[in-house]
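Under my numbering, the first residue of the sequence shown is numbered 89, with each subsequent residue one higher.
Glycine included, C-beta positions come from ideal geometry on N, C-alpha and C.
Taking it in order: structure first as structure tokens, then the write-up.
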Amino acid sequence: MRGDILIIDDNHRKAASEAVQLILPEIEKSNKKFVISVAGESGAGKSEIAASIAEVLEKKGLKCFIFQQDDYFVYPPKTNAKTREKDINWVGEKEVKLDLIDEELKQISEGQTKIEKPLVIFQEDRIDKETVDLNGIDVIIVEGTYTTALKNVDQRVFINRDLYDTKASRLKRNREKQDEYLEKILMIEHEIISAHKALADVIITKDYNAIKR
Numbered sequence: 089m090r091g092d093i094l095i096i097d098d099n100h101r102k103a104a105s106e107a108v109q110l111i112l113p114e115i116e117k118s119n120k121k122f123v124i125s126v127a128g129e130s131g132a133g134k135s136e137i138a139a140s141i142a143e144v145l146e147k148k149g150l151k152c153f154i155f156q157q158d159d160y161f162v163y164p165p166k167t168n169a170k171t172r173e174k175d176i177n178w179v180g181e182k183e184v185k186l187d188l189i190d191e192e193l194k195q196i197s198e199g200q201t202k203i204e205k206p207l208v209i210f211q212e213d214r215i216d217k218e219t220v221d222l223n224g225i226d227v228i229i230v231e232g233t234y235t236t237a238l239k240n241v242d243q244r245v246f247i248n249r250d251l252y253d254t255k256a257s258r259l260k261r262n263r264e265k266q267d268e269y270l271e272k273i274l275m276i277e278h279e280i281i282s283a284h285k286a287l288a289d290v291i292i293t294k295d296y297n298a299i300k301r
């Protein structure tokens with residue numbers, strides 16, 4: 089998503105380094121582009137940990153590309169927020185074109201190197217398109233709230249921090265108005281996302297340790 093700002097700290101780097109230690113043996117056994125998902129609740133540090141995982145892997149000679157779930161929302165960010173205000177039941181997996189992400193990951197696993205994907209322009213509240221060239225890429229990282237539910241993933245990383253743990257991060261990010269309505273949205277997301285934890289291969293704990301599930 090163009091316009092997104094990452095605030096990466098030592099906790100994100102620590103979690104990423106430990107996660108890579110657990111996942112690297114699986115990557116080394118793979119004979120195709122390896123796909124890692126990084127999921128968790130709003131403000132959990134998905135984008136930061138995904139970027140940090142890419143940084144660690146690239147130091148090991150593995151080239152990475154990150155897909156952001158935020159590019160695959162049905163509506164661009166501000167329009168999506170207004171849609172939620174009209175009907176809070178809109179909150180959930182149906183907001184996102186998960187099937188499109190899965191289809192693109194399937195194409196990549198079958199050897200396709202050029203993918204035309206959506207690209208959200210945050211400030212302009214619109215969705216554009218971009219063509220990405222994955223030739224020479226070893227690892228695909230796809231990050232976002234619901235990415236644990238994707239089918240075409242080799243290792244799933246889940247950040248085990250809920251809406252109470254993430255409050256400070258959300259305030260620092262200052263992307264949404266922090267009010268009672270947002271808390272209702274986060275609670276709905278929590279009920280959905282927390283159920284995905286059982287699907288994960290690697291859990292990032294509240295203390296930013298990575299453990300194999």
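- Residue 140 is positioned such that its CB atom lies closer than 8 angstroms to that of residue 100.
- Looking only at 226, 224, 244, 206, the smallest Cα-Cα distance to residue 218 is reached by 206.
- For residue 166, same chain residues with a beta-carbon under 6 angstroms away, outside a window of 5 residues either side, are 213 in chain order.
- Under the three-state reduction of DSSP output, residue 243 falls in the strand class.
- Each residue's CA atom was taken as its position, placing residue 268 and residue 235 some 26 angstroms apart.
- Separation of residue 253 and residue 279 (C-alpha to C-alpha, rounded to the nearest whole angstrom) is 15 angstroms.
- Setting aside the 5 residues that flank it on each side, residue 201 is surrounded in the same chain by 221, 222, 223, each with a C-beta closer than 7 angstroms to its C-beta; the list follows chain order.
- Counting along the chain, the unbroken beta strand (DSSP E) around residue 203 starts and ends at 202-209.
- Measuring C-alpha to C-alpha distances from residue 287 to each of 294, 241, 122, 293 identifies 241 as the nearest.
- Residue burial annotation: residue 293 is exposed, with fewer than 16 other C-beta atoms found within 10 angstroms of its C-beta.
- Take the alpha-carbon of residue 189 and the one of residue 160: they are about 7 angstroms apart.
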